[in-house]
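With the sequence shown counted from 1, adding 3 to any position gets you our numbering.
Even glycine gets a Cβ: it sits at the ideal position worked out from N, Cα and C.
Keep in mind it's a predicted model, so treat the numbers as computed, not measured.
Okay, so here's the structure we're looking at.
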Amino acid sequence: MEMVEMEMKNMIRRLMIEKISQGEGGGGDVKENIKVFILQTLTLVLHFFDKVGDFFNKKLDEFFPPETRAETLKQWLHVGLTIVLPIVLTLLVLYYCCSRCCCSGVSTKMMKAPGRKGALIARHSFEANPQGYFQNLRGKKSDYVF
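Now the structure itself:
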């Protein structure tokens with residue numbers, strides 16, 4: 004893999020040097036040279052990805068031999084559907100419930116409630132209607148909104 008990268012870099016360098024040295028002609032030559040350079044570079048990139056694909060195909064054949072590939076994939080699919088999927092879904096539901104119940108106040112700024120010893124209230128609700136807060140503070144004990 005490293006050899007392919009080195010080969011690609013060297014070929015690109017050679018092509019750039021050739022194109023720069025040949026670029027003494029008119030403006031049309033430079034555009035043509037750039038097009039040729041881009042096409043040659045794209046072919047090198049495609050060859051590189053072809054070799055990378057071959058590498059991964061060889062590794063796939065090592066891990067899952069073609070003779071037993073169907074059986075192995077069926078077993079992994081069975082394990083995934085019967086064990087992994089329910090666990091993941093359960094964890095997602097728990098995360099959703101806990102983040103809604105436990106962590107809802109974490110993202111809001113809190114402040115000490117004026118007139119209430121040690122109580123915390125959300126800052127945005129107090130700043131939205133401070134007059135209503137103080138009216139509610141002096142009202143009946145069962146009328147607390149905050």
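Rounded straight-line distance, which links the Cα of Phe40 to that of Val33: So the two alpha carbons sit approximately 10 Å from each other.
N- and C-terminal bounds of the beta strand (DSSP E) containing Leu123: Run containing Leu123: 123 to 125, per the beta strand (DSSP E) assignment.
Beta-carbon proximity check, Ala131 vs Met113, cutoff 9 Å: A distance of 9 Å or more separates the beta carbons of Ala131 and Met113.
contact_flag[the segment 36 to 55, the segment 71 to 90] where n(CB pairs < 8 Å) is 3 or more: Inter-segment contact for the segment 36 to 55 and the segment 71 to 90 is absent: fewer than three beta-carbon pairs are separated by less than 8 Å.
Cα-Cα separation between Cys101 and Leu47, rounded to whole angstroms: Cys101 and Leu47 have their alpha carbons spaced roughly 52 Å apart.
For Lys38 and Glu21, the rounded distance between their alpha carbons: In this structure, the straight-line span from the alpha carbon of Glu21 to that of Lys38 is close to 14 Å.
Beta-carbon proximity list for Phe129, same chain, < 6 Å, skipping 5 on both sides: Within its own chain, the residues whose Cβ lies closer than 6 Å to the Cβ of Phe129, once the five positions on either side in sequence are excluded, are Tyr136, listed in chain order.
Spatial distance of Phe66 from Thr75 (CA atoms): CA-CA distance, Phe66 to Thr75, rounds to 10 Å.
Within the segment 65 to 107, ranges of the alpha helix (DSSP H) (whole runs, at least 4 residues): List check, alpha helix (DSSP H) in window: 72 to 82, 88 to 104.
Proximal residues to Leu140 (C-beta, below 6 Å), its chain only, five neighbours per side dropped: Same-chain partners within the cutoff: Gly118.
Minimum length 3: unbroken beta strand (DSSP E) runs contained in the segment 29 to 61: Here no run is fully enclosed.
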